[in-house]
């Protein structure tokens with residue numbers, strides 16, 4: 066069930082409509098005397114046209130526009146910093162009360178992916194990830210998640226960029242399943258035909274294995290799932306991912322199997338993310354172990370060369386070692402790819418996001 070809205074408080078404090086999923090917007094509109102169909106009209110203005118001015122919403126009745134102005138607002142947090150990589154990747158930073166949220170835009174020939182953050186910092190403290198090393202600050206509100214997409218769309222439209230967003234991945238700062246309710250609410254907006262209108266197969270949520278939340282996810286939403294596994298056994302995973310001491314590989318993969326039973330977005334199987342750390346998880350035996358633990362789970366494996374950051378004590382596996390590792394997995398029948406890291410020169414690659422200010426945004 067959707068969360069209820071405290072209508073009594075709306076008259077005192079303006080409610081940011083970007084915090085509301087489609088059903089909640091409908092409830093709010095009915096509470097101020099609008100018809101149910103006004104939900105579609107309002108959402109199209111907000112998400113299809115990037116309009117934040119109620120007075121411009123000409124197909125809404127004048128008295129409804131007046132009540133919207135009195136009781137609500139459309140406030141999208143601005144990007145305050147920008148840096149562009151030599152490979153076309155863009156890092157956008159949002160500054161809120163001296164806190165930094167990073168969003169990454171990755172254009173390609175046939176797709177354009179926006180990597181969004183769900184938290185400021187991360188509580189999981191994975192040793193190989195810069196975000197984890199900065200610690201946890203707080204969860205993002207629905208509006209703060211949605212603002213990343215809303216502002217990116219606005220900038221791309223203003224630039225008349227042909228590479229508009231085709232895919233959204235929850236792989237930025239934070240663990241999405243530790244902000245489950247807000248992430249699910251944001252995904253409902255992304256999926257809605259009057260919201261951002263993306264297919265469930267074009268939205269990917271990546272998790273490090275919060276098992277109880279993953280079990281709840283299948284009852285709330287269906288999207289493509291990626292799992293941050295990064296080790297073929299509990300001994301290695303315990304040493305680099307503290308969360309494994311609470312939810313070990315077996316419990317994590319059991320939960321993944323249950324999610325896949327009900328998911329239509331994951332017909333090709335779950336994406337297994339595996340960062341390649343020299344001398345730690347990249348041996349031939351490790352590859353065989355990985356194949357063994359995944360043998361009953363439909364999956365595609367994405368090997369990720371480790372991206373360095375300040376004060377980290379790892380070395381990325383060599384290209385040769387990664388290729389050997391990949392070939393072992395392929396001979397075992399796994400669809401295996403090696404990620405092409407993007408945006409390394411601006412610290413925008415996987416595992417490098419810290420919220421650090423880079424450059425002022427260009428006008």
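In my numbering, the protein residues as written are 66 to 428.
The C-beta atom is built at its ideal place from N, Cα and C for all residues, glycine as well.
The structure displayed is predicted, hence computed values, not measured ones.
Report the rounded CA-to-CA distance for residue i versus residue j, giving the unit in angstroms.
{"i": "residue 349", "j": "residue 357", "result": "13 Å"}
{"i": "residue 375", "j": "residue 381", "result": "14 Å"}
{"i": "residue 377", "j": "residue 211", "result": "32 Å"}
{"i": "residue 254", "j": "residue 140", "result": "15 Å"}
{"i": "residue 105", "j": "residue 385", "result": "53 Å"}
{"i": "residue 144", "j": "residue 395", "result": "42 Å"}
{"i": "residue 167", "j": "residue 146", "result": "9 Å"}
{"i": "residue 411", "j": "residue 173", "result": "18 Å"}
{"i": "residue 183", "j": "residue 235", "result": "7 Å"}
{"i": "residue 270", "j": "residue 201", "result": "19 Å"}
{"i": "residue 463", "j": "residue 267", "result": "This structure leaves residue 463 out entirely; the chain is present only between 66 and 428."}
{"i": "residue 93", "j": "residue 284", "result": "25 Å"}
{"i": "residue 335", "j": "residue 325", "result": "8 Å"}
{"i": "residue 165", "j": "residue 265", "result": "28 Å"}
{"i": "residue 391", "j": "residue 299", "result": "21 Å"}
{"i": "residue 163", "j": "residue 169", "result": "19 Å"}
{"i": "residue 379", "j": "residue 196", "result": "15 Å"}
{"i": "residue 272", "j": "residue 123", "result": "42 Å"}
{"i": "residue 337", "j": "residue 96", "result": "45 Å"}
{"i": "residue 215", "j": "residue 121", "result": "18 Å"}
{"i": "residue 204", "j": "residue 108", "result": "25 Å"}
{"i": "residue 310", "j": "residue 112", "result": "41 Å"}
{"i": "residue 328", "j": "residue 290", "result": "9 Å"}
{"i": "residue 189", "j": "residue 237", "result": "14 Å"}
{"i": "residue 393", "j": "residue 222", "result": "44 Å"}
{"i": "residue 322", "j": "residue 281", "result": "13 Å"}
{"i": "residue 260", "j": "residue 360", "result": "38 Å"}
{"i": "residue 100", "j": "residue 142", "result": "29 Å"}
When DSSP labels each residue in this structure, what does residue i get in the three-state scheme?
{"i": "residue 79", "result": "coil"}
{"i": "residue 417", "result": "Any reading at residue 417 must be qualified, since the residue scores a pLDDT of 48, below 50, and its modelled position is unreliable; no value is offered."}
{"i": "residue 350", "result": "helix"}
{"i": "residue 139", "result": "coil"}
{"i": "residue 114", "result": "coil"}
{"i": "residue 297", "result": "coil"}
{"i": "residue 290", "result": "strand"}
{"i": "residue 156", "result": "strand"}
{"i": "residue 165", "result": "strand"}
Got a sec? Which residues, its chain only, sit under 8 Å from residue i by beta carbon, not counting five neighbours each side?
{"i": "residue 305", "result": "191, 192, 193, 295, 296, 342, 345 and 346"}
{"i": "residue 387", "result": "341, 347, 368, 370 and 403"}
{"i": "residue 98", "result": "128, 129 and 132"}
{"i": "residue 248", "result": "183, 210, 235, 241, 242 and 270"}
{"i": "residue 428", "result": "Caution is warranted here: a pLDDT of 31 is assigned to residue 428, below 50, making its placement in the model unreliable, and the coordinate value is therefore given only provisionally. Hits under 8 Å: none found."}
Given residue i, which residues of its chain have a CB within under 7 Å of its CB, disregarding the five upstream and five downstream residues?
{"i": "residue 276", "result": "312, 316, 317 and 320"}
{"i": "residue 263", "result": "233, 255 and 256"}
{"i": "residue 103", "result": "94, 125 and 129"}
{"i": "residue 252", "result": "268, 286 and 288"}
{"i": "residue 333", "result": "365"}
Among the residues of its own chain, which have a CB less than 6 Å from the CB of residue i, if the five just before and after it don't count?
{"i": "residue 116", "result": "110"}
{"i": "residue 208", "result": "81, 83 and 84"}
{"i": "residue 245", "result": "278"}
{"i": "residue 150", "result": "408, 410 and 411"}
{"i": "residue 400", "result": "365"}
{"i": "residue 213", "result": "168 and 181"}
{"i": "residue 153", "result": "172"}
{"i": "residue 119", "result": "130, 133 and 134"}
{"i": "residue 157", "result": "144, 147 and 168"}
{"i": "residue 186", "result": "199, 200, 201 and 202"}
{"i": "residue 355", "result": "297"}
{"i": "residue 231", "result": "176 and 177"}
{"i": "residue 86", "result": "250, 253 and 254"}
{"i": "residue 155", "result": "149 and 170"}
Considering just the uninterrupted stretch of the alpha helix (DSSP H) at residue i, what are its terminal residues?
{"i": "residue 91", "result": "87-96"}
{"i": "residue 148", "result": "Per DSSP, residue 148 belongs to no alpha helix (DSSP H); it is in the beta strand (DSSP E), 144-149."}
{"i": "residue 104", "result": "103-108"}
{"i": "residue 250", "result": "245-256"}
When you compare the CB of residue i with every CB in chain B, is at least one pair closer than 8 Å?
{"i": "residue 343", "result": "Absent from the structure: chain B. Only one protein chain is present."}
Which ranges does the beta strand (DSSP E) cover as unbroken runs of at least 3 residues, wholly within the region 180-234, from first to last along the chain? 184-186 and 201-204
Every unbroken alpha helix (DSSP H) within the region 305-331, with a cutoff of 4 residues, ordered by chain: 314-327
My parser needs the beta strand (DSSP E) runs of 3 or more residues fully inside the region 259-283; what are they? 268-272
Every unbroken alpha helix (DSSP H) inside the region 334-411 [4 residues or more]: 349-358 and 384-396
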